[in-house]
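Undergrad: Okay, handing you the structure first.
There are 2 protein chains.
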Amino acid sequence: MRVRTPSELGALIRDYRMRHNLDQKSLAASVGVSRQWIVEIEKGKAGAPLGLVLRTLGAIGIVLDAQQETPPSPKGKNESHGVDAYVDINTIVAGARKKKK
Amino acid sequence: MRVRTPSELGALIRDYRMRHNLDQKSLAASVGVSRQWIVEIEKGKAGAPLGLVLRTLGAIGIVLDAQQETPPSPKGKNESHGVDAYVDINTIVAGARKKKK
DNA sequence: TTACAATGTCGTCGAACGCTGACATTTTAG
DNA sequence: CTAAAATGTCAGCGTTCGACGACATTGTAA
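Those sequence lines, one after another, are chains A and B. Position one of the first sequence corresponds to residue 113 (our numbering), numbered consecutively onward. Position one of the second sequence corresponds to residue 113 (our numbering), numbered consecutively onward.
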């Protein structure tokens, strides 16, 4: 499953927790957080610390895999905003000299 | 690439940012955070808010995929073939009646 | 060399966080 | 049904975060 937002991740955690027949209290204990925090995370809390989130995922047997995103519709020219996934000619020229190693 | 710790994710972000020839300032602007925050994230800050982390990944074209972790090869007997690779008999018995819907 | 851009680090401060504890609601066991 | 467990929510409090500004360090271009 793809994870793009805190809400998606929260739903994922809840789903896996229930699959393992764990209650919030037990999961909280094994992760090392309070039960309320588990409640928040499952609701999709955006402010949850990355470290705790990863530990929670580990506690229920989920691993995350990072991949290059599929082409964001290469229609227009060089979109100035929102960081292209693809390198355009300008950035190549701009950074052409600073090839360090 | 697998992401298990904040440090791994930080290295991933840094790698992708450089691959796109972006400086910290530009990335920070497109994500909507301070440049210092980018520095911290790339160092593997564990306390970074999940929401900002996901937005950063999106800004450089990385998607996360969640998967069931492969168990450390439980040389047990009847290997379950279903979704859950390892649910022990106790948890099954304990939760056998709580079939909700 | 000098000059500039990118990066790393350090204070300060207001805002947000997580925890404890309690209580209300929902669900399950008997 | 009632009792207990699990879950959702709230208030208070100490801790930690991110933004901001400034400065040091590094690397590249002229």
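Heads up, the beta-carbon is just placed ideally off N, CA and C, and yes, glycines get one too. Values in this document were obtained by computation on a predicted structure and should not be read as measured data.
Lys137 of chain A: which of A:Val143, A:Arg147 and A:Arg129 sits nearest, CA to CA?
TA: Locating residue 137 of chain A in the first sequence gives position 25, counting from the first residue. It is A:Arg147.
Undergrad: Going along chain A in order, which residues have a C-beta closer than 9 Å to the C-beta of Glu226 of chain B?
TA: Since the first residue of chain B shown is 113 and the last is 213, residue 226 of chain B is not available in this structure.
Undergrad: By the DSSP assignment, the beta strand (DSSP E) with Asp127 of chain A in it spans what residues?
TA: As a first step, residue 127 of chain A must be located in the first sequence, where it is residue number 15. Here Asp127 of chain A belongs to no beta strand (DSSP E); instead the alpha helix (DSSP H) covers Pro118 to Arg131.
Undergrad: What distance in whole Å lies between the Cβ atoms of Ala158 of chain A and Gly163 of chain B, which are believed to be in contact at a cut-off of 8 Å?
TA: Locating residue 163 of chain B in the second sequence gives position 51, counting from the first residue. Locating residue 158 of chain A in the first sequence gives position 46, counting from the first residue. Confirmed, Cβ separation roughly 3 Å.
Undergrad: Comparing C-alpha positions only, which one of B:Leu176, B:Gln180 and B:Arg167 sits nearest to Ser142 of chain B?
TA: Locating residue 142 of chain B in the second sequence gives position 30, counting from the first residue. Out of B:Leu176, B:Gln180 and B:Arg167, B:Arg167 has the C-alpha closest to the C-alpha of Ser142 of chain B.
Undergrad: So which residues of chain B does Ala160 of chain A contact, with C-beta pairs closer than 9 Å?
TA: The residue given as residue 160 of chain A occupies position 48 in the first sequence. The answer, in chain order, is Pro161, Leu162 and Gly163.
Undergrad: Taking the Cβ atom as the reference point for each residue, do Val175 of chain A and Glu152 of chain B lie within a distance shorter than 8 Å?
TA: Within the first sequence, the letter at position 63 stands for residue 175 of chain A. Within the second sequence, the letter at position 40 stands for residue 152 of chain B. No, Cβ-Cβ distance for Val175 of chain A and Glu152 of chain B is not below 8 Å.
Undergrad: Going by DSSP in three states, Val151 of chain A sits in which element: helix, strand or coil?
TA: Mapped onto the first sequence, residue 151 of chain A falls at position 39. It is helical.
Undergrad: Once you ignore the five residues that flank Ala140 of chain B on each side, which residues in its own chain have a CB closer than 7 Å to its CB?
TA: Here residue 140 of chain B is taken as the residue at index 28 of the second sequence, counted from 1. Correct list, in chain order: Ser146, Arg147, Trp149 and Ile150.
Undergrad: Does the ligand FMN have even one heavy atom less than 7 Å from the beta-carbon of Leu162 of chain B?
TA: With respect to the ligand FMN, the structure shown offers nothing to examine, as it has no ligands at all.
Undergrad: If the criterion is Cβ atoms closer than 8 Å, does the pair Gly170 of chain A and Arg116 of chain B meet it?
TA: Counted from its first residue, the first sequence places residue 170 of chain A at position 58. Counted from its first residue, the second sequence places residue 116 of chain B at position 4. Cβ atoms of Gly170 of chain A and Arg116 of chain B: closer than 8 Å.
Undergrad: Indicate whether at least one CB of chain B lies closer than 8 Å to the CB of Gly144 of chain A.
TA: Here residue 144 of chain A is taken as the residue at index 32 of the first sequence, counted from 1. Closer than 8 Å: no.
Undergrad: Ignore the nearest five residues each way along the sequence and tell me which others in Leu134 of chain A's own chain have a CB closer than 6 Å to its CB.
TA: Residue 134 of chain A sits at position 22 when you count from the first residue of the first sequence. Taken in chain order, the list of residues that qualify is empty.
Undergrad: Examine chain B for any beta-carbon lying closer than 8 Å to the beta-carbon of Arg129 of chain A, and answer yes or no.
TA: By 1-based counting over the first sequence, the position of residue 129 of chain A is 17. Not one chain B Cβ lies under 8 Å of Arg129 of chain A.
Undergrad: Would you tell me roughly how many angstroms separate the C-alpha atoms of Gly144 of chain B and Val165 of chain B, rounded to the nearest one?
TA: On the second sequence, residue 144 of chain B is found 32 positions in, with the first residue counted as 1. On the second sequence, residue 165 of chain B is found 53 positions in, with the first residue counted as 1. Each residue's Cα considered, the two are about 11 Å apart.
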